[in-house]
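First up is the structure itself, then whatever we jot down about it.
Protein chains in written order, with our numbering: chain A, 3 to 415; chain B, 3 to 415.
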């Protein structure tokens, strides 16, 4: 459908009656411009945490299917209240659960993936002139059970709906103004990025710029959905995420990200034999531990050190697994270091610009920051460094690539 | 299905984690006896009131469809938590919304009626050995919207499920021990009734013994579902509601009920013409005012007084309507009296026992209680009296019919 937009409002945007009315007002204004609106809403404020608390009052290990049944009520409350707020303004509106909104998922409870959107009812209600308000974060699987998509899943719901409805744009309303060249709390002259490509956004999202769920970016890229990340507290334009021609991607580095939720794990004296890496990392994968940067150094003859980074939250669990693997491999001790952080540069232009990584290393060296581990992909370079040096490192790299200045305002055109 | 029971637990039975575990324990015990269990659960404690508060924070007039969307979350939370509590005990259980449980209703939001139960999924889960926990009070209409059945609707859900599943009995767990011959707070020697007929229960339910929703009794009578009203705080047997042969119904009066939520309305000097009563009572019905006892007295030539009773809550609304009707009919003034209460006797045997009403009137007269209005049906006699005399009246009538003694313990057999 053309002349239609999908908007997503997060939990803080609907936390109080006042904020909820502000959202209704924004939707009402958009609609008065003759634009159809489908809105996706998250659970209010700390409602999800309150429901989790009630579950843990009952049992330490709630079944995942029942957690989904429980948590889905949070968004259902939000959509009903927002429909009421619109009705009070005389705007015809209808709320729908994820299931009613046609969100069909796989069967993996608490972390389901959207398989399809059946938009028949959505289209019927939109064509009847109603604002359609869909519960984010949830869907229905093949056996008609309620599923949820995991934290941040409402972003994915919104992008998937925009794809299914052929909306002009999917606006993600959040509590920041958009995507910046670096965290403005660390780098005072960080600049709001008017445009980024899907690939860049994916790296930025994964690397700690927590404004958009990576899975939502994947779905957007797959279906070429134009996404705009913007603030629900003002009317400023935000950051547009969309497909960009290679020619447009002449900017080498678009942003510097950092992530403190990192721990470094080192397994010493691993026998240097085929299949060893597979044993280690398949054991971690089976245990649900996400491994990021991996480095293998041949430190002595016939043995090697295996170094990798993980989420700091997974540290205890990863150690258990590694102790078991260590025994099986007859390797040396397992060491962990939580005093690390990750600094990364992201930019699609990097692939055709050799020497970008070297510039980053140089900037860090001049600042006296020691690099512990390096990892690169086609559009990013990540370095593990000591956590206490992270802010200095981010500022140095941000300056090196002159991101705080504004050499190309025309890029948005 | 045989060897299956349906249990319904009200909001106080699941209000705290402790109470919820007690319910799980009761279900687990029943199941360990080899009995299949389908449980229907209400929203926890004051959850429904909390949701209503949130709606009224947004608007004075929430659309009914959106109220249903909102309120249905209360029961969904309860069923998920109860399934978790059973899981913790190692009892396989699955929670279902009303829609998933196959509860199909008409389209009247906030006061929907169950049209059908599609028990396919229920039966599948029960046959898989699971305890099935269904959200009470809610269902789905033809256009796949969520509906609710109105206050007390969980009773009706439970009875309808018992009918659809062919359960052996539908147990309604509440915070009293069952149905008494009179309110034990008023009549200390009131006796728990081991058995009543559907017709008797219907009158008892309608007349203020608030242990079972009248609509639930209607559905039970229609499908011959055996219902037992009992306490969730102990393991005593309660009151069985079931079909009784006329021969069994030799007991003339089974109980005395009273209701203080009553107001008396008198319209003076109504022209004594055909169609007048129709004008008055259709206006009230259109306004949603439920009229109970109606008496018409020919006090003077060609004019009459019209007296009727209503719920006290409807007083202001009823007065507005009556003032309008009074003008149209050119009748005398409208008077209302809130200082009244209703005392009733109920018993299926009454129909074949003339003189029962007279015995009631005699008992009230000996107590010095003046009767203002009388209304009778085949199985009940109701009297409006002054509210301050209601407790004395109930005790006098209870004594008159010797309900506190126990002349027929064998009736339960």
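Note that beta-carbon positions come from the ideal geometry of N, C-alpha and C, so glycine has one too.
(1) Which value, in whole angstroms, describes the spacing of the CA atoms of residue 279 (chain B) and residue 295 (chain B)?
(2) Which first and last residues belong to the beta strand (DSSP E) in which residue 100 (chain A) is found?
(3) Counting only beta-carbon separations shorter than 8 Å, does residue 54 (chain B) have a partner in chain A?
(4) Near residue 228 (chain A), what residues of its chain come up, given a Cβ to Cβ distance below 6 Å and the 5 sequence neighbours on each side ignored?
(5) Please list, in chain order, the chain B residues whose beta carbon lies closer than 9 Å to that of residue 14 (chain A).
(6) Please list, in chain order, all residues of the same chain as residue 332 (chain B) whose beta carbon is under 8 Å from its beta carbon, the five residues on each side excluded.
(7) Alpha carbon to alpha carbon, what distance is there between residue 350 (chain A) and residue 236 (chain A)?
(8) Do residue 195 (chain A) and residue 257 (chain A) have their C-beta atoms within less than 8 Å of each other?
(9) Where do the N-terminal and C-terminal ends of the beta strand (DSSP E) with residue 182 (chain B) fall, by residue?
(10) Checking contacts by CB at 8 Å: is residue 395 (chain A) closer than that to chain B?
(11) Please classify residue 330 (chain B) as buried or exposed, where buried requires at least 16 neighbouring CB atoms within 10 angstroms.
(12) Name the chain B residues that come within less than 9 Å of residue 90 (chain A), Cβ to Cβ?
(13) Excluding five sequence neighbours on each side, which residues of the same chain lie with their C-beta closer than 7 Å to the C-beta of residue 391 (chain A)?
(14) May I have a chain-ordered list of the alpha helix (DSSP H) segments no shorter than 4 residues that lie completely inside the stretch 116-186 of chain B?
(15) Helix, strand or coil for residue 364 (chain B)? Go by DSSP, reduced to three states.
(16) Return the CA-CA distance between residue 122 (chain A) and residue 162 (chain A), expressed in angstroms with no decimal places.
(17) Quick one, which residues of the stretch 63-82 of chain B are near chain A if we go by CB-CB under 9 Å, in chain order?
(18) Is it the case that the Cβ atoms of residue 192 (chain B) and residue 400 (chain B) are separated by a distance below 8 Å?
(19) For residue 226 (chain B), report the span of its beta strand (DSSP E) as first-last.
(20) Between which two residues does the beta strand (DSSP E) holding residue 271 (chain A) run?
(21) Quick one: list the residues of chain A neighbouring residue 109 (chain B), beta-carbon separation under 8 Å, in chain order.
(22) Using DSSP with H/G/I as helix, E/B as strand and the rest coil, what is residue 373 (chain A)?
(23) Between the stretch 132-152 of chain A and chain B, which residues of the former have a C-beta closer than 8 Å to a C-beta of the latter?
(24) So what's residue 6 (chain B) in DSSP terms, helix, strand or just coil?
(25) For residue 344 (chain B), which three-state DSSP category applies?
(26) First and last residue of the beta strand (DSSP E) that includes residue 306 (chain A)?
(27) Could you tell me whether the Cβ of residue 128 (chain B) comes closer than 8 Å to any Cβ of chain A?
(28) Keeping to the same chain, check which residues put their C-beta closer than 7 Å to that of residue 157 (chain A); ignore five residues upstream and five downstream.
(29) Alpha helix (DSSP H) containing residue 32 (chain A): first to last residue?
(30) Could you run through the stretch 17-32 of chain A and flag, in chain order, every residue whose CB is less than 8 Å away from some CB of chain B?
(31) If you follow the alpha helix (DSSP H) that residue 79 (chain A) is part of, which residue opens it and which one closes it?
(32) Give the straight-line distance between the Cα atoms of residue 35 (chain A) and residue 126 (chain B), rounded to the nearest whole angstrom.
(33) Using 8 Å as the limit for Cβ to Cβ distance, is residue 359 (chain B) near chain A?
(34) Pairs of beta-carbons, one from the stretch 259-277 of chain B and one from the stretch 332-343 of chain B, closer than 8 Å: are there three or more?
(35) State yes or no: is the C-beta of residue 78 (chain B) within less than 8 Å of the C-beta of residue 75 (chain A)?
For this structure:
(1) Numbered from its first residue, the second chain carries residue 279 (chain B) at position 277. Numbered from its first residue, the second chain carries residue 295 (chain B) at position 293. About 13 Å.
(2) For the purposes of this step, residue 100 (chain A) is taken as residue 98 along the first chain, with counting starting at 1. Premise fails: residue 100 (chain A) is in no beta strand (DSSP E) and is neither H nor E.
(3) On the second chain, residue 54 (chain B) is found 52 positions in, with the first residue counted as 1. With 8 Å as the cut-off, residue 54 (chain B) does not count as an interface residue toward chain A.
(4) Sequence index remark: in the first chain, residue 228 (chain A) carries index 226 (1-based). Closer than 6 Å at Cβ, skipping near neighbours: 171 and 244.
(5) Translated into positions along the first chain, residue 14 (chain A) becomes position 12. Result: empty, since nearest Cβ-Cβ is about 17 Å, beyond 9 Å.
(6) Counted from its first residue, the second chain places residue 332 (chain B) at position 330. Taken in chain order, the residues that qualify are 273.
(7) Counted from its first residue, the first chain places residue 236 (chain A) at position 234. Counted from its first residue, the first chain places residue 350 (chain A) at position 348. Their backbone Cα atoms lie some 30 Å apart in a straight line.
(8) Residue numbering aside, residue 195 (chain A) sits at position 193 when the first chain is read from its first letter. Residue numbering aside, residue 257 (chain A) sits at position 255 when the first chain is read from its first letter. For residue 195 (chain A) and residue 257 (chain A), yes; Cβs fall inside 8 Å.
(9) Taking the first residue of the second chain as position 1, residue 182 (chain B) is located at position 180. Neither: residue 182 (chain B) is in no beta strand (DSSP E) and is coded neither H nor E.
(10) Within the first chain, numbered from 1, the residue matching residue 395 (chain A) stands at position 393. Residue 395 (chain A) does not count as touching chain B.
(11) Walking along the second chain from the start, residue 330 (chain B) turns up at place 328. Residue 330 (chain B) should be labelled exposed.
(12) For the purposes of this step, residue 90 (chain A) is identified with residue 88 of the first chain, where counting begins at 1. Correct list: 60, 61, 62, 63 and 64.
(13) As a position in the first chain, residue 391 (chain A) is number 389, starting the count at 1. 371, listed in sequence order.
(14) 122-129 and 155-167
(15) To locate residue 364 (chain B), count along the second chain from 1; it is residue 362. Residue 364 (chain B): helix per DSSP, three-state reduction.
(16) Reading the first chain from its first residue, position 120 is the one you call residue 122 (chain A). Reading the first chain from its first residue, position 160 is the one you call residue 162 (chain A). About 14 Å.
(17) 63, 64, 65, 67, 68, 69, 70, 71, 72, 73, 74, 75, 76, 78, 79, 81 and 82
(18) By 1-based counting over the second chain, the position of residue 192 (chain B) is 190. By 1-based counting over the second chain, the position of residue 400 (chain B) is 398. Yes, the Cβ-Cβ distance between residue 192 (chain B) and residue 400 (chain B) is below 8 Å.
(19) On the second chain, residue 226 (chain B) is found 224 positions in, with the first residue counted as 1. Residue 226 (chain B) -> no beta strand (DSSP E), and no H or E assigned at all.
(20) For the purposes of this step, residue 271 (chain A) is identified with residue 269 of the first chain, where counting begins at 1. Start and end: 264-273.
(21) Your numbering for residue 109 (chain B) matches position 107 in the second chain. Simply none; closest approach about 14 Å.
(22) Residue mapping note: residue 373 (chain A) aligns to position 371 of the first chain, counting from 1. Three-state DSSP puts residue 373 (chain A) in coil, outside helix and strand.
(23) 146, 147 and 148
(24) Within the second chain, the letter at position 4 stands for residue 6 (chain B). Correct three-state label for residue 6 (chain B): strand.
(25) Counted from its first residue, the second chain places residue 344 (chain B) at position 342. If DSSP states are grouped into helix, strand and coil, residue 344 (chain B) belongs with the strands.
(26) Within the first chain, numbered from 1, the residue matching residue 306 (chain A) stands at position 304. Start and end: 305-313.
(27) Within the second chain, residue 128 (chain B) is the residue found at index 126, counting from 1. It does not; no Cβ of chain A falls within 8 Å.
(28) Walking along the first chain from the start, residue 157 (chain A) turns up at place 155. Cβ within range, chain order: 10, 174, 214, 215 and 218.
(29) Along the first chain, one-based indexing puts residue 32 (chain A) at 30. It spans 19-34 - the alpha helix (DSSP H) in which residue 32 (chain A) sits, taken as one unbroken run.
(30) 19, 22 and 23
(31) On the first chain, residue 79 (chain A) is found 77 positions in, with the first residue counted as 1. Taken as a continuous stretch (DSSP letters only), the alpha helix (DSSP H) holding residue 79 (chain A) covers 66-90.
(32) Residue numbering aside, residue 35 (chain A) sits at position 33 when the first chain is read from its first letter. Residue numbering aside, residue 126 (chain B) sits at position 124 when the second chain is read from its first letter. Those two C-alpha atoms are separated by around 50 Å.
(33) Along the second chain, read from residue 1 onward, the residue named residue 359 (chain B) stands at position 357. Chain A contact via Cβ: absent.
(34) yes
(35) By 1-based counting over the second chain, the position of residue 78 (chain B) is 76. By 1-based counting over the first chain, the position of residue 75 (chain A) is 73. Yes, the Cβ-Cβ distance between residue 78 (chain B) and residue 75 (chain A) is below 8 Å.
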